[in-house]
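In what follows, a single structure is set out as structure tokens and then discussed.
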Amino acid sequence: MSGSRNRTMALCGALALAGTSAPAMPAYAFTGHRPAVQRIRSSGTTELTSGWAIRSSADTRDTGAEISTPDYPTKGWLPLSRPETLMAGLLENGRYPNIFHNDTMAKVPAGQFDVNWWYREQLTVHPRKGGRTFLVLNGVSGKAGLWINGTKIAGGAQLQGSYARLEYDITPYIRDGANAIALDVSRNDADITKFDTPMRYLTQNQVDWNPMAPDQNTGLQYAPQIIQDGPVSVRNAHVLQDDAPDLSTADLTVKADVRNTTGSAQRVVVSGTVTHGSTRVACKATVTVAAHATRTVAITKADCPGLHLEHPAVWWPYQMGDQPLYHLALDASAGGTVSSAAAEDFGIRTVTSRLTRPVPGKTHGKDGYRQFIVNGRPLVIRGAGWSPDLFLRYSPSNVSDQISYIRNMGLNAVRFEGNFPPDDMFARLDRAGVLAMPGWQCCALWESRSSTWSDDVTANASNQARTMAERLRDHPSVFTFFQGSDDAPDAEKEALFLKAFEQADFRLPQVAAAEYKSSPRLGPAGTKEGGYNYFPPGALWNNGRETVNTNDPTLSMTGSAWGFDTEVSTGNTIPTQDSLNRFLTPDEQKKIWDPATAQGQTAGQDMYHTFFYADYTRLSRMGVYNTPLWHRYGPWKDAGSYQKTVQIGEYEVTRAQFESYIGNSTDKANPSTGIIYWMLNKAWPSLQWSMYGSDFDQPGVYFGAKKANEPVHVMYSYDDGSIKVANLTGARQDGLRATAQIIDLDGEVRATATAPVGALGSQDVRTVLHPKVPAGTSKTYFEKLTLTRGSEVVSRNVYWLSTKADQVDWPKTHAPGRYTPSNGFAVFQKDGYADLTGLRALKPADIRVGATTRREGREMVTSVTVRNVGHGGSPALFTRADLFVGGRQVLPIRWSDNDVTLWPGEQQTITARYSATPAEPDVRVNGFNVPDQTRHTG
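FYI, the numbering for the sequence shown is 0 to 937, going by numbering that gives the first Met the number 0.
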């Protein structure tokens, strides 16, 4: 249904479906007052963010024709501050308070969503004289019938799919003054956890990331729009770029579709302006558009020499350069009057992709591994998978805070496995210099064979594919699109998707799948997935043949640092005690730390704040995670002692996960080219796969990732004990020196090694030291690494290690699970755990804390200085600072460092930035062997 640029479809005998392109997707917040009636602009686009209400069809027998009349009485309807899913609407109206606390959500009666629900929008429109009025619907989760002012416009056969964009010419039905829209929405697909249930829609769901929302996210996620144009309309405005290999020049092409909605030919003047700073390029083209036709207009440098840019401002990922954006403003005039306009931001950058060259007999993947190159520089993709709010509520400020966390951790990318946010988030990623890795989600109808799709679903797939390609193509943060997830598309599906993306002028690399699979035209993906639960650091660094499940051609489930792993985790993420207390009762918390959870892979009780128990991850019970934690770090007896163990353990394995992918990136046979941590965040307070909490809690996972992803970083390689230095910036690094100290538990420095690093290019990694552990070193010991430039400390990294290495039983690790070709977590050899229990023998550290706070604009900056004033040899291990105002934790917050380790006589100052608070905060400092102390920062 996307075969020509004059795409039309007969609707109700007379209604035209006029393309699928529309202005940028809307953004709206969790809360905020909206007027009861939406007022429509006399020209241009209005997002329908006001005037909405919902009601169950079980509570009214009125028809769509009746409900969509402007004077329909809405007593008993639930008003909405914005279009949103049914559950979001119920919550906004005070239903189910404290929905995320404990198991409150499980008590929501899901049967209420088995019947259809009505959405109603009241709006005031003054139609443009001589113009046309269009309604754009930006997807529906489930399916819907559409009525306007008593007339049915469309039905569920067409109006379905979470990302579909459908534009209707409603000029014949709109009135001058009061108008109403009604949507009769039926329930979204059944719970994805029922894997054998046939799926009906190409829709949004969060797979195995959380429990499903009781309404299955039924309803609206994105605001519909009203567009008022003159006799001609501009759609699909965008910019193509042809950049020189060295980015010294860029040739731009401005493109747009011009649609004539009248019965006679129109002479149209298309005017466009491209601006950036002092750069301003104005272009113009005059075309004749036949009656009721659409014509694509392309303005090139041949038409407008200014579109050849010399030394353009180039967009880079934030650690490698700046993020300049250009702006396109375009309008179409007929009869000397502007009839329609469009605008778009874009960035100039080049992205390519390739498969690394296999080394015969050594490379694990026969086709090599997927690698991305931005502006001519190969880089390791270091990101994580994003999750929307459980009820799809979107807040620009919340997302802005999340992006600040992404940068604070040093990540350079975010993966969107379906679950696409409004365009506002992609625009924020553009400005922040964080790469976006979108693609279709796994499971459900998306990965069913296209031969099983109905004609309606196939048409919807084509619409959604072109819609997403058009939405994403000009965002410089977007560097690829994955046309499959767990599976590659079959030939027919691939052809459908690729045709839609080609029609949308999507020029970025496309990849067949997130697993090591291939499709007929895109070829080998060169990627892998998993594992999803606990692996010790040495197994993560190991890229030897034993880490490969030779019975699994998809190369999945081990997580070891080779190739491009599109989703990988080291298991449960346990929030800090402060965060746990905000959403779980003590009885529920005990399911996390109960010593009985450390008695084997299946040990522990099922926990609600995860996905349901399944053998391929086993994340809803703590056995897989807590058993090695217990054996490696020693036993705990209560929540407090568990917290100390789990936070340091999370830090250890997460740091190793990212460092291993950075450190192994230069391996000739099996380079690590990308890691997507599974996941970045969660839709609600979660105990599974996240780097920070929905409350912006920062557990050990967060600071472990932050340490590993420092711009210039020194690290310990767990596979051979070597010391490596990485440069993740865009500039060469000179004058660096690396030093390694091996330190006993009693504080004695047993060995020191130091060496100059030499010039280190952008994205380069170099091995600089091979320190040896002297005989007689304590079984648990430390290795302190420092990277200096003169007197400046560039990177400092402390490891707690054991002379007894972890021993993974790789054949048992590769044993097939019920759903997967292997377990997805490490199975240890008998007594094969590293011995870190010596940490429990550390004497309490004596520290002195000083803190000051100052205001910088809208932010506060608190500096905390921690000094170990002890007289023995014990370090202040894993020392953490948190801020509180009036007893409430200050979140979100961005620390320069945290969870630091200091020996007697050492001190470190760490800083925190956060939104200004009414009063100066108190700082609480504690650690693995550091008793709590609180100081005021004034």
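Cβ atoms here follow ideal geometry from the backbone N, Cα and C, with glycine treated the same way.
Original post:
Touching or not, the region 676-683 and the region 551-558, by the rule of three or more beta carbon pairs under 8 Å?
Top reply: no
Original post:
So, are the CB atoms of residue 843 and residue 867 less than 8 Å apart?
Top reply: Working through the sequence shown from its first residue, we reach residue 843 at position 844. Working through the sequence shown from its first residue, we reach residue 867 at position 868. Not in contact: residue 843 and residue 867 (Cβ atoms no closer than 8 Å).
Original post:
residue 924 bridges to which residues according to DSSP?
Top reply: Against the sequence shown, residue 924 aligns to sequence position 925. 880 and 932, per the DSSP bridge assignment.
Original post:
In three-state DSSP terms, what is residue 51?
Top reply: What you label residue 51 is simply residue 52 of the sequence shown in a count that begins at 1. Reduced to three states, the DSSP call for residue 51 is strand.
Subject >> Span of the beta strand (DSSP E), counted from its first residue to its last, around residue 345 >> reply: Taking the sequence shown and counting its residues from 1, one reaches residue 345 at position 346. Unbroken beta strand (DSSP E) run through residue 345: 336-345.
Subject >> Beta-ladder partner(s) of residue 861, from DSSP >> reply: Indexing the sequence shown from 1 puts residue 861 at position 862. DSSP lists 852 and 911 as partners of residue 861.
Original post:
Would the region 86-97 and the region 139-147 be scored as touching if the rule is three or more Cβ pairs under 8 Å?
Top reply: no
Original post:
Considering only residues of the region 638-714, which uninterrupted alpha helix (DSSP H) runs meet the minimum length of 4 residues and lie entirely inside it, listed in chain order?
Top reply: 638-662 and 699-707
Subject >> Rounded separation between residue 920 and residue 852 - CA only >> reply: Position 921 of the sequence shown, counting from 1, holds the residue named residue 920. Position 853 of the sequence shown, counting from 1, holds the residue named residue 852. One C-alpha to the other measures close to 8 Å.
Original post:
Where in the region 556-609 do unbroken runs of the beta strand (DSSP E), each at least 3 residues long, occur, reported from the N-terminal end onward?
Top reply: 562-567
Original post:
Ends of the alpha helix (DSSP H) at residue 294?
Top reply: Residue numbering aside, residue 294 sits at position 295 when the sequence shown is read from its first letter. From DSSP, residue 294 is part of no alpha helix (DSSP H) but of the beta strand (DSSP E) over 293-298.
Subject >> Same chain, Cβ closer than 6 Å to residue 725, five either side skipped, listed in chain order >> reply: The count along the sequence shown starts at 1 and reaches residue 725 at position 726. Hits under 6 Å: 661, 712 and 764.
Subject >> Buried versus exposed call for residue 748 [16 or more other C-beta atoms within 10 Å across all chains shown] >> reply: By one-based count along the sequence shown, residue 748 stands at place 749. Counting Cβ neighbours within 10 Å, residue 748 comes out exposed, since fewer than 16 surround it.
**OP:** Identify which residue in 775, 445 and 730 has its Cα closest to the Cα of residue 743.
**Re:** For the purposes of this step, residue 743 is taken as the residue at position 744 of the sequence shown. Ranking the options by Cα distance to residue 743, first place goes to 775.
**OP:** Taking the CB atoms as reference points, tell me whether residue 138 and residue 154 lie closer together than 8 Å.
**Re:** Numbered from its first residue, the sequence shown carries residue 138 at position 139. Numbered from its first residue, the sequence shown carries residue 154 at position 155. No, the Cβ-Cβ distance between residue 138 and residue 154 is not below 8 Å.
**OP:** Please name the residue in 462, 635 and 461 whose C-alpha comes closest to that of residue 595.
**Re:** The residue labelled residue 595 in the question sits at position 596 within the sequence shown. With distances taken between Cα atoms, residue 595 lies closest to 635.
Subject >> Contact belief for residue 978 with residue 401 at Cβ below 8 Å, rounded distance in angstroms >> reply: The question about residue 978 has no answer here: the residues shown for the chain are numbered 0 through 937.
Subject >> Beta-carbon gap between residue 471 and residue 480 smaller than 8 Å >> reply: Working through the sequence shown from its first residue, we reach residue 471 at position 472. Working through the sequence shown from its first residue, we reach residue 480 at position 481. Closer than 8 Å, so yes.
Subject >> Own chain partners of residue 210 with C-beta closer than 6 Å, once the 5 adjacent residues on each side are dropped >> reply: Your numbering for residue 210 matches position 211 in the sequence shown. No residues qualify anywhere along the chain.
Original post:
In or out: residue 108 buried (at least 16 other Cβ within 10 Å) or exposed?
Top reply: In the sequence shown, counting from the first residue as 1, residue 108 sits at position 109. Exposed, because fewer than 16 other Cβ atoms sit within 10 Å of the Cβ of residue 108.
**OP:** In the DSSP assignment, find the beta strand (DSSP E) that holds residue 626 and state where it starts and stops.
**Re:** Sequence index remark: in the sequence shown, residue 626 carries index 627 (1-based). From DSSP, residue 626 is part of no beta strand (DSSP E) but of the alpha helix (DSSP H) over 622-632.
**OP:** Could you tell me which residues DSSP puts in a beta bridge with residue 415?
**Re:** Translated into the one-based positions of the sequence shown, residue 415 becomes position 416. Answer by DSSP bridge pairing, in chain order: 437.
Original post:
So which of 685, 663 and 49 has the shortest CA-CA distance to residue 719?
Top reply: Position 720 of the sequence shown, counted from the start, is the residue given in the question as residue 719. Among 685, 663 and 49, the Cα nearest to that of residue 719 belongs to 663.
Original post:
Do residue 324 and residue 344 have their C-beta atoms closer together than 8 Å?
Top reply: Position 325 of the sequence shown holds residue 324. Position 345 of the sequence shown holds residue 344. Yes; because the gap between Cβ atoms is below 8 Å, this pair is in contact.
Subject >> Close-in-space but distant-in-sequence residues of the same chain around residue 232 (CB under 8 Å, 5 per side omitted) >> reply: Reading the sequence shown from its first residue, position 233 is the one you call residue 232. Closer than 8 Å at Cβ, skipping near neighbours: 17, 131, 133, 226, 257, 258, 260, 331, 338 and 339.
Subject >> Which of helix, strand or coil DSSP assigns to residue 450 >> reply: The residue given as residue 450 occupies position 451 in the sequence shown. If DSSP states are grouped into helix, strand and coil, residue 450 belongs with the helices.
Original post:
Going by DSSP, which residues form a beta bridge with residue 119?
Top reply: Here residue 119 corresponds to residue number 120 of the sequence shown, with the count starting at 1. Per DSSP, 52 and 181.
Original post:
residue 276 by DSSP, collapsed to three states: which one?
Top reply: Along the sequence shown, one-based indexing puts residue 276 at 277. The answer is coil: DSSP assigns residue 276 none of H, G, I, E or B.
Original post:
If you draw a straight line from the C-alpha of residue 873 to the C-alpha of residue 832, how long is it?
Top reply: Here residue 873 refers to the residue found at position 874 when the sequence shown is read from its first residue. Here residue 832 refers to the residue found at position 833 when the sequence shown is read from its first residue. Roughly 24 Å between the two C-alpha positions.
**OP:** Measure how close the beta-carbons of residue 924 and residue 865 come, nearest whole angstrom, since I'm counting them as under 8 Å.
**Re:** In the sequence shown, the residue the question calls residue 924 occupies position 925. In the sequence shown, the residue the question calls residue 865 occupies position 866. About 6 Å; that satisfies the 8 Å criterion.
**OP:** Quick one: using the 10 Å Cβ neighbour count with 16 as the cut-off for buried, is residue 938 buried or exposed?
**Re:** Nothing about residue 938 can be reported from this structure: the residues present for the chain run from 0 to 937 only.
Original post:
What are the start and end residues of the alpha helix (DSSP H) that includes residue 430?
Top reply: Counting from 1 along the sequence shown, the entry for residue 430 is found at position 431. Note, residue 430: alpha helix (DSSP H), 422-431.
Original post:
Taking one C-beta from the region 485-502 and one from the region 529-543 each time, how about it: are there three or more such pairs within less than 8 Å?
Top reply: no
Original post:
Under 8 Å between the Cβ atoms of residue 392 and residue 374?
Top reply: Counting from 1 along the sequence shown, the entry for residue 392 is found at position 393. Counting from 1 along the sequence shown, the entry for residue 374 is found at position 375. No, Cβ-Cβ distance for residue 392 and residue 374 is not below 8 Å.
Original post:
Between the region 578-592 and the region 626-644, do three or more beta carbon pairs fall short of 8 Å?
Top reply: yes
Subject >> Opposing strand residues paired with residue 799 [DSSP bridges] >> reply: Your numbering for residue 799 matches position 800 in the sequence shown. Note: residue 799 sits in a beta bridge opposite 781.
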